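Residue numbers (the working numbering): 853 to 1139.
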């Protein structure tokens, strides 16, 4: 369930490294990262997967006296899937059409533990529909964001931490939601920002690594050039993916583009574009 889908172009271009978003998109990553979002923030993202599935998400975050809240929704949908039958000529032909849709809705909350440490949690609601099969389930993410210095940040995130909570189908079967542990780091310098991430998938007992680099050219401070490299879990092996792209902050807006090579040889190129907006704090800076 959305474990390997990019949440935004900024996220995709640095190798799907989570925890360091500075806008409402943090509700899809480490919810503790909402502390780095503005007073209010909005983000939106959409793409096509293998030219058949439509994927999109939208998120909004806001600040209150009790902490920061975020609300996000994402879905993957495929329409006009053929349900076939054998005709008189012993050939397959469409008898009817149905759709597939999976969605995830998240309600997130974040607050400061100490001046340089924040915690956050997300309540996740899952739904899926395929032909006559329907399912729904609930779980929770829990994260920490630690900023020991102005340049160095660490993110720790546990996904779907309720081990007994399952996705329940209307045919009386159930499925475990994928548990993950992610530990990520960010080192920001004047001219570049470096990222690294270690991910553990409990269901497969697999370790996946990712690294990313974002360059801030001296001759064009408003433009950020990015590259990422990550490991992906395939059916029987671990594959590797390269991503390239740019991030362009313009005032309260941020535009991001990413190119990513695919794990699937027949669909070897993906292009992503995302947009976000953040209202700054009263002093003109993000909290």
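For each residue, glycine too, the CB sits at the ideal point set by N, CA and C. The model shown is predicted, which means the values in this text are computed figures rather than measured ones.
- Distance from the Cα of residue 931 is smallest, within the candidate group 939, 940, 912, 905, for 905.
- Just so you know, the alpha carbons of residue 1125 and residue 873 end up roughly 16 angstroms apart.
- Assignment of residue 875 by DSSP, reduced to helix, strand and coil, places it in the coil class.
- In the structure shown, the three-state DSSP call for residue 880 is helix.
- The Cβ-Cβ distance between residue 995 and residue 1008 falls below 8 angstroms.
- By the Cβ neighbour-count rule, residue 1099 is buried, with 16 or more other Cβ atoms within 10 Å of its own.
- Of the residues assessed, residue 940 falls on the exposed side of the cut-off, its CB having fewer than 16 other CB atoms within 10 angstroms.
- Between the alpha carbons of residue 1005 and residue 974 lies a distance of about 20 angstroms.
- Residue 1069 and residue 937 have their alpha carbons spaced roughly 59 angstroms apart.
- Looking at the DSSP output, residue 963 sits in a beta bridge with 971.
- Here residue 866 carries a coil assignment [DSSP, helix/strand/coil].
- Each of 882, 898, 909, 915 was checked against the Cα of residue 890, and the nearest Cα belongs to 915.
- In this structure, DSSP gives residue 900 an extended state, which the three-state scheme calls strand.
- By the Cβ rule, the region 1093–1108 counts as touching the region 1062–1081, because three or more pairs are nearer than 8 angstroms.
- Taking 8 angstroms as the cut-off, the Cβ atoms of residue 883 and residue 978 do not count as close.
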